[in-house]
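Residue numbers (my numbering), protein chains in the order written: chain Y, 639 to 769; chain W, 639 to 769. Glycine is no exception: its CB is placed at the ideal position from the N, C-alpha and C atoms. From a predicted model like this one, the values you see are computed outputs, not experimental measurements. What follows is a short report on a single structure.
2 protein chains.
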Amino acid sequence: MERIPILRIGDLLLVTIQVDMHDQLALTLQEDLTNRIAETGAAGVLIDISSLEIVDSFIGRMLGNISSMARVLAAETVVVGMRPAVAITLVELGLSLTGVRTALNVEKGMDLLRSSLRSADREDGDAGSEA
Amino acid sequence: MERIPILRIGDLLLVTIQVDMHDQLALTLQEDLTNRIAETGAAGVLIDISSLEIVDSFIGRMLGNISSMARVLAAETVVVGMRPAVAITLVELGLSLTGVRTALNVEKGMDLLRSSLRSADREDGDAGSEA
């Protein structure tokens, strides 16, 4: 059980974090996820953290890193399911998850990704017509 | 982290089992899942076991129980992501997960659920016209 499963749902990937993240697990997840994005050409990544009771600076940084890596591979990341208490602690710790998009739950995250993918398509279209 | 999260995706619920199941966790999952089916009126449940390296008689029985409970609440269950090695061991142990439907991955499981929900709707329609 040393791997966090990555589920493919249409053109999105879904990761549910349920266990305490330690260094090696975080590295494995980053590697697996970037590989899966490259293999599948996924356009979006959803990371569900509804099980996590604590998000410390380590996990905060990991979420930021995953989000940046996915962006370089042309996929958007949305972190979903954060508990209210976690949001409070994060801000009190001075962490605001800069560069990480969030949504209340998986469904809202999917909607967010799909609408931003559609608008990205439109922008690509516009850029094309300007060129 | 004593709870396994249940994610809602449209009219389906998705459970990813990543940790070793012990008695209490299995009971909590059964309780949470039946509550969520009742609350949301979900028509289908997907249980992803792609992280599990071993499915013993305890987990096999739990999957069967969840499937039966969901059926009583008018929801269908599909177990997805079983590793080939797990399938081999299961059969060697004399367990064949009777009454549990399976699919190779989450996407195929969703397709299976949606097509069986559509045919159930049709049958309801037929029964209605016969009455």
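Which class does V657/Y belong to by DSSP, given the choice of helix, strand or coil? coil
List the endpoints of the continuous alpha helix (DSSP H) containing L701/Y. S695 to V710
The segment 702 to 720 of chain Y contacting the segment 662 to 676 of chain Y, beta-carbon criterion three pairs below 8 Å: yes
Counting only C-beta atoms, is I675/Y closer than 8 Å to chain W at any point? no
Judging by CA-CA distance, which residue of A708/W, R709/W, L711/W and V693/W is the nearest neighbour of I726/W? V693/W
What span of residues does the alpha helix (DSSP H) with A725/Y cover, start to end? P722 to E730
Looking at C-alpha atoms only, which residue of G679/Y, G648/Y and R752/Y is the closest neighbour of A741/Y? R752/Y
In three-state DSSP terms, what is A681/W? coil
Interfacial residues, the segment 657 to 669 of chain Y to chain W, with Cβ spacing under 8 Å: V657 and D658
Report yes if the CB atom of A680/W is closer than 8 Å to the CB atom of L645/W, and no otherwise. no
Report buried or exposed for D749/W, applying the criterion of at least 16 other Cβ atoms within 10 angstroms of its Cβ. exposed
Can you check whether the C-beta of I685/W is within less than 8 Å of a C-beta belonging to chain Y? no
A708/W burial status per 10 Å Cβ neighbour count (16 or more: buried): buried
Helix, strand or coil for D762/W per DSSP? helix
Starting from L645/W, follow the beta strand (DSSP E) in both directions and report where the run begins and ends. I644 to I647
DSSP three-state assignment for A741/W, whether helix, strand or coil: strand
Is the beta carbon of V744/Y less than 8 Å from the beta carbon of I647/W? yes
Identify which residue in H660/Y, Q656/Y, V683/Y and R674/Y has its Cα closest to the Cα of L739/Y. The question names Leu, but residue 739/Y in the sequence shown is Arg. For R739/Y, the nearest C-alpha among the options comes from V683/Y.
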